[in-house]
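Numbering (mature numbering (1 follows the signal peptide of the UniProt record, and there is no 0)), first residue to last: -30 to -1, 1 to 153.
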């Protein structure tokens, strides 16, 4: 993936504006990596959610494998929902923290992965004050080390859509997130 495309994708999770600039809205943490390997057997999902339409099943990442997000499309929710897949044992993340995370974003409309730091193998650092509301809701209040999933409404994601990522107005987004650090 070209660097300009990578930072375009990072901007999706790192900006609250519906119209984004794609000049690089996050930096990679030098010390950590995101596992890129798919699990050999995804086993029983850690979270299943029936939506207003469709459903989603999420298995969080491990130290050696990326998460699995399976969508029965079209998946949509009328209220953002957060689920802690595995609780961490670090400090609680404040709503104004700068975090380093690994994440995978999936469009509920068609089940496609529109952005993934797991695919790149590199975490992303950004302030929670600069992300879409659903991403902040998923991370703030969690403990560092936690793995979480969020199914967010379009209003908490990109209400006007984000055509460069294939996100249309009204699309529900699902993220699997591993919180590596917070300051």
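Virtual Cβ for every residue (Gly too), placed ideally from N, Cα, C.
By the DSSP assignment, the beta strand (DSSP E) with residue i in it spans what residues?
i, result
"residue 51", "51 to 56"
"residue 119", "117 to 122"
"residue 80", "From DSSP, residue 80 is part of no beta strand (DSSP E); its letter is neither H nor E."
"residue 97", "94 to 97"
"residue 151", "143 to 152"
"residue 64", "Note, residue 64: premise wrong, no beta strand (DSSP E); not H, not E."
Buried or exposed for residue i, please, with buried defined as at least 16 other CB atoms from any protein chain shown within 10 angstroms of its CB.
i, result
"residue 57", "exposed"
"residue 11", "exposed"
"residue 29", "buried"
"residue 78", "buried"
"residue 164", "Since the first residue of the chain shown is -30 and the last is 153, residue 164 is not available in this structure."
"residue 20", "exposed"
"residue 154", "Here the chain comprises residues numbered -30 to 153, so residue 154 is not present and cannot be evaluated."
"residue 136", "exposed"
"residue 59", "exposed"
"residue -30", "Confidence at residue -30 is low in this model, with a pLDDT of 41, below 50, so its placement is unreliable and the value that follows should be read with caution. Result: exposed."
Using a threshold of 8 Å, state whether the C-beta atoms of residue i and residue j are closer than that.
i, j, result
"residue 152", "residue 114", "yes"
"residue 125", "residue 26", "no"
"residue 148", "residue 46", "no"
"residue 98", "residue 69", "yes"
"residue 74", "residue 86", "yes"
"residue 5", "residue 146", "no"
"residue 42", "residue 116", "no"
"residue 104", "residue 127", "yes"
"residue 65", "residue 106", "yes"
Could you check where the alpha helix (DSSP H) with residue i kicks off and where it finishes?
i, result
"residue 88", "87 to 90"
"residue 109", "103 to 109"
Just how far apart, CA to CA, sit residue i and residue j?
i, j, result
"residue 139", "residue 63", "30 Å"
"residue 154", "residue 88", "Examination of residue 154 is not possible in this model, given that the chain is present from -30 through 153 alone."
"residue 44", "residue 142", "9 Å"
"residue 118", "residue 92", "18 Å"
"residue 17", "residue 39", "10 Å"
"residue 71", "residue 49", "24 Å"
"residue 133", "residue 84", "11 Å"
"residue 95", "residue 23", "33 Å"
"residue 61", "residue 109", "12 Å"
"residue 35", "residue 144", "18 Å"
"residue 2", "residue 129", "32 Å"
"residue 67", "residue 33", "23 Å"
Completely contained beta strand (DSSP E) runs for the region 24 to 49, where each covers 3 or more residues = Segments of the beta strand (DSSP E) lying fully in the region 24 to 49: 38 to 46.
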